[in-house]
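**Q**
Protein chains in written order, with our numbering: chain A, 14 to 216; chain B, 1494 to 1755.
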C-alpha cells in the first residue's frame, strides 16, 4: 500500500526528485554573512576552517596553550575584519591563513624576546617538523600539491622558506642560523617563492 | 636606499621581516606597482604553505571561548575609502589602459596608496588588524577621506598641474594644484624631520604676499606623505614651504626651502 502511494506521489510531483540539494556555502559566502554580523555563519566558518588554522598555528607556535590563545585571536580578527575581505584579491582561505600566520609569527617573536630562542635548536626543530609533513601528504589533495611543489625547490631554497614560514624566523635570523649572507637568504627565499607560485598556479 | 628592497618580496610574503624592515619595504612597495603585484602573488602562495602542515582539530572549549569573545567584539566597517593599488592596477590592465593614461593616473594611484597606509591597510592585499580602537579608525578614515576628496578634486580637474622639486634640505616635494578646483596639495618624500621645536609651514604666495596654508603633519621622513593645503588657492601664483617655530607663523620668518610656481 505504502509503496503504491509513494509511486503516486512521485508521479504527481516528479520535479521533487530532480531538485539537486543546494550547494553548500563557500568560505567566501560565509565571510560575507559574517560581515553582516551573522553568528551562525561564523560558527559554520569556524567548524570548516579551525583545524587548518589550528594546525598552522601549532606548527609555528608549538606550545599548545599559546596556540589556542593565538587561534582565538585569529578568529576574533576574522569576525572584526570580515567586511574588509575582498574576494577580488584572493581566496577566503588564503585571507584567513595570512591572518593566522601573521598572528602566530607575532606571538613567536614576542616570546622570543623574553626567552631568546636558541638558534641552533631552530635548525633541529625545522628538520624534525619537516619530516612529519610527509605523514600528511595523502590527507588532502591540496597538501599533496603543496608538498610536490616544495619538492621542486632546491634544498637551500626549501630550507630557507621553511625556517621563515614554519619557524617564524626573520630573514636575518635565517642567515645567522645557516651562516650565510643576508643577501643570499633574500634571493633564496624570493626565487623559491616565485617557483612555488608558478608551480601552484597562483595568478 | 641601496638595500635592494625589491628582493624582499618573498621574505615579506613569509612574514620574515623585522618590524623596521617591514615598514621600509611597505613604503617602497606602495610606490612600486611591480613589487606590489609580486607581493600579492607571493602572499597567496605563502598562504598555501599552511597546507603542508597537518590540520589539527582544536579542543572544543576553544570554540566556546571564540564564540563568547566575538559576542563582545564590535565589527569594523569596510574600508571602502581606500583601494589597494594592486587590484586597481589589475583592473586597469584588463581594460587595456594606454600607458599614457596610466602614467597620468600614477600620481593619484600613489596617493591612494599613501592613504592606504594611513588607514592601516597593509600592502600585498590584506589588512592585518591594527590595535586602534574603532573611533580612532573612524577618525583616520574620515580624515583620509576628506584628503582623498580634495586630491581627487585637484587631479580630476582639466587644468591639474604637477611639479616635483628636490628641495635644499634634501628630499622631494611634489606640488599638485588646480585653479579650477581652487586647491593645492603637496606630497613629500625623504624630507628630513624638522629640528626640535620647528615645523614645516605651507604658504600660498601671490604678489600681495604669503598667506598661511597650514602646517605639515608629523611624518616619517622616508615615507611618502601628503598634505592638502588649507584654504582656497585664490590668486596664488606660487606655493611655498618654510621652516617655522612650532605652531607656525602668520608670515614666513625664514627663507623658503621651496617656492613652486602653480
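Yeah, the Cβ is synthetic: ideal placement off N, Cα and C, and Gly gets one too.
Specify the secondary structure class of residue 1606 of chain B as computed by DSSP and reduced to three states.
**A** Low confidence applies to residue 1606 of chain B: its pLDDT is 41, below 50, so where it sits in the model is not reliable enough to give any reading.
**Q** Any beta carbon from chain A within less than 8 Å of residue 1641 of chain B's own beta carbon?
**A** no
**Q** Is the separation between the beta-carbon of residue 1650 of chain B and that of residue 1678 of chain B shorter than 8 Å?
**A** no
**Q** What is the rounded straight-line gap between the Cα of residue 1669 of chain B and the Cα of residue 1706 of chain B?
**A** 14 Å
**Q** Would you mind reading off the limits of the alpha helix (DSSP H) that contains residue 169 of chain A?
**A** Residues 168-178.
**Q** Between the C-alpha atoms of residue 68 of chain A and residue 1547 of chain B, what's the straight-line distance to the nearest angstrom?
**A** 6 Å
**Q** Within 10 angstroms of its Cβ, does residue 1690 of chain B collect 16 or more other Cβ (buried), or is it exposed?
**A** Per the 10 Å Cβ criterion, exposed.
**Q** Measuring CB atoms only, is the region 103-113 of chain A touching the region 1517-1532 of chain B, in the sense that at least three cross pairs come out at less than 8 Å?
**A** no
**Q** Determine which residues share a DSSP beta bridge with residue 1654 of chain B and list them.
**A** Looking at the DSSP assignment, residue 1654 of chain B forms a beta bridge with B/1670.
**Q** Does the distance from the C-beta atom of residue 220 of chain A to that of residue 204 of chain A stay below 8 Å?
**A** Residue coverage of chain A in this structure runs from 14 to 216, which leaves residue 220 of chain A outside it and unanswerable.
**Q** On the three-pair Cβ rule with 8 Å, is the region 1516-1524 of chain B touching the region 180-191 of chain A?
**A** As far as the Cβ criterion goes, the region 1516-1524 of chain B does not touch the region 180-191 of chain A, which means the pair count is below three.
**Q** I want to verify the contact list: residues of chain B whose CB lies under 9 Å from the CB of residue 169 of chain A, in sequence order.
**A** Chain B residues near residue 169 of chain A: none, gap ~13 Å exceeds 9 Å.
**Q** Rounded to whole angstroms, what's the CA-CA distance from residue 1509 of chain B to residue 184 of chain A? Just pull it up for me.
**A** 5 Å
**Q** Comparing C-alpha positions only, which one of A/49, A/48, A/50 and A/54 sits nearest to residue 37 of chain A?
**A** A/54
**Q** Among A/186, A/182, A/50 and A/162, which one has its Cα closest to the Cα of residue 207 of chain A?
**A** A/162
**Q** Quick one: residues in its chain with C-beta nearer than 8 Å to the C-beta of residue 1676 of chain B, no 5 flanking neighbours on either side, listed in chain order?
**A** 1643, 1646, 1647, 1670, 1721, 1722, 1725 and 1726
**Q** What separation, rounded to the nearest whole angstrom, lies between the Cα atoms of residue 1664 of chain B and residue 80 of chain A?
**A** 45 Å
**Q** Quick test of your reading: residue 111 of chain A and residue 1536 of chain B, contact by CB under 8 Å. State the CB separation rounded to the nearest angstrom.
**A** 6 Å
**Q** Note down the Cα distance separating residue 1661 of chain B from residue 1728 of chain B, rounded to an integer number of angstroms.
**A** 26 Å
**Q** Using alpha carbons as the reference points, say which of B/1699, B/1730, B/1692 and B/1718 lies closest to residue 1738 of chain B.
**A** Selected option, being the one with the closest Cα: B/1692.
**Q** Just reading off the alpha helix (DSSP H) that residue 1728 of chain B is part of, what are its end residues?
**A** Segment: none, residue 1728 of chain B is in no alpha helix (DSSP H) and carries neither H nor E.
**Q** Mark residue 1652 of chain B as exposed unless 16 or more other C-beta atoms lie within 10 angstroms of its C-beta, in which case mark it buried.
**A** exposed
**Q** Against chain B, with Cβ distances strictly below 8 Å, would residue 193 of chain A count as a contact?
**A** Residue 193 of chain A has a beta carbon lying at 8 Å or more from every beta carbon in chain B.
**Q** Taking Cβ to Cβ, would you say residue 74 of chain A is nearer than 8 Å to residue 179 of chain A?
**A** no
**Q** For residue 1516 of chain B, report the span of its alpha helix (DSSP H) as first-last.
**A** Start and end: 1512-1523.
**Q** Taking 8 Å as the limit between beta carbons, can you name the residues of its chain near residue 43 of chain A, skipping five residues before and five after?
**A** So the list reads 54, 55, 57, 58, 61 and 105, once near-sequence residues are dropped.
**Q** Count the other CB atoms, across all protein chains shown, that sit within 10 Å of the CB of residue 172 of chain A; report buried if there are 16 or more and exposed otherwise.
**A** Under this definition residue 172 of chain A is a buried residue.
**Q** Would you please state the rounded distance, in angstroms, between the beta carbons of residue 1491 of chain B and residue 1734 of chain B? I believe it to be under 8 Å.
**A** Residue 1491 of chain B lies beyond the residue range present for chain B, which begins at 1494 and ends at 1755; the question has no answer from this structure.
**Q** By how many angstroms is the C-alpha of residue 1755 of chain B removed from the C-alpha of residue 1714 of chain B?
**A** 25 Å
**Q** Which stretch, first to last residue, makes up the beta strand (DSSP E) that contains residue 1705 of chain B?
**A** 1702-1708
**Q** How is the alpha helix (DSSP H) around residue 1692 of chain B delimited, first residue to last?
**A** Where residue 1692 of chain B is concerned, there is no enclosing alpha helix (DSSP H), although the beta strand (DSSP E) it sits in stretches over 1691-1699.
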